[in-house]
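Reading through the structure tokens given below for one structure.
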Amino acid sequence: MKVDMADPIAQRTTFSFAPPVDDAAAWGLELDDFANRLAQAFPGTETWRVGASFPRPQEGLGFDMPLGGGTRMEGLVSTPYPQVGAVMAVDATPGEAAVLACWLRDRYAPSPNLVHFTSERALELGVTEHEHVPAIGDVHEIARALQEHLDEVEA
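Residue numbers for the sequence shown follow the numbering used here, beginning at 1 and rising by one.
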């Protein structure tokens, strides 16, 4: 299975990355810290605050990050409770989302086994289990895991 970030026919969905459900505050997610660290890792990243008042007031962070080769990806960080939240790669291919997942695993989360994921497509189909981002391997290994996830939920 070949995974290519620039593949124009690759399936797009929103991937959600988060700490384990039973340790939801494991990342200590703070929006300003997240924005600063993302911008340092990916120069040219743009961030902006977003908010929602339903179902409860929460803060969020939108971002648009460069992936290289002229490709950019939009994302969203939602924090329904202090230090608890999820990071989403919006309308992304597995290859694009893998760049964000690799950074989360290697540079943001305090431990590589604290990054779980699901996809909008899985949730639409009623699959509610979260999977682990591989604890080792490069962006291509993570992209393969994300693609396998999509293949499994479609089967």
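For glycine and all other residues, C-beta sits at the position ideal for the given N, C-alpha and C.
Can you name, in chain order, every residue of its own chain whose Cβ lies under 6 Å from the Cβ of residue i, other than the five neighbours on each side?
i, result
"serine 120", "This sequence places glutamate at residue 120; serine is not what is there. Excluding positions up to five away in sequence, the list reads Thr13, Thr14."
"proline 19", "Ala26, Trp27, Leu114"
"valine 127", "Val153"
"alanine 109", "Trp27, Val115"
"proline 112", "Arg105, Ala135"
May I ask which residues mark the beginning and end of the alpha helix (DSSP H) holding residue i?
i, result
"alanine 10", "Taken as a continuous stretch (DSSP letters only), alanine 10 belongs to no alpha helix (DSSP H), as it is neither H nor E."
"aspartate 138", "Counting along the chain, aspartate 138 falls outside any alpha helix (DSSP H), and DSSP gives it neither H nor E."
Identify the residues that DSSP records as bridge partners of residue i: which are they?
i, result
"alanine 173", "Any question about residue 173 goes unanswered here, given that the chain covers just 1 to 155."
Suppose the cutoff is 7 Å on Cβ atoms and the five residues either side in sequence are ignored; what does the same chain contact list for residue i look like?
i, result
"leucine 104", "Phe17, Val87, Val115"
"methionine 1", "Caution applies to methionine 1, whose pLDDT of 33 falls short of 50 and renders its modelled position unreliable; the model cannot decide the point."
"valine 3", "With a pLDDT of 43 at valine 3, under the threshold of 50, the modelled position of that residue is not reliable, and the figure given next carries that caveat. Closer than 7 Å at Cβ, skipping near neighbours: Pro94, Gly95, His140, Ala143, Arg144, Gln147."
Between which residues of its own chain and residue i is the CB-CB distance below 8 Å, once the five residues before and five after are set aside?
i, result
"methionine 73", "Asp64, Met65, Leu67, Ala89, Val90, Ala92, Glu96, Ala97, Val99, Leu100"
Exercise for review: Scan the stretch 21-74 and note each continuous alpha helix (DSSP H) run of 4 residues or more that stays entirely inside, going in chain order.
Suggested key: Whole alpha helix (DSSP H) segments, 4+ residues: 31-41.
Check your understanding: Residue ranges of each beta strand (DSSP E) run of no fewer than 3 residues wholly in the stretch 74-132, ordered along the chain?
Key -> Whole beta strand (DSSP E) segments, 3+ residues: 84-92, 116-119.
**Study point:** the stretch 36-50 contacting the stretch 134-144, beta-carbon criterion three pairs below 8 Å
**Key:** Contact between the stretch 36-50 and the stretch 134-144 is absent, because fewer than three Cβ pairs lie under 8 Å.
Point to revise | Segment contact, 8 Å Cβ cut-off, at least three pairs: the stretch 65-80 with the stretch 21-37 | key: Contact check between the stretch 65-80 and the stretch 21-37: three or more CB pairs, one atom from each, fall below 8 Å, which counts as touching.
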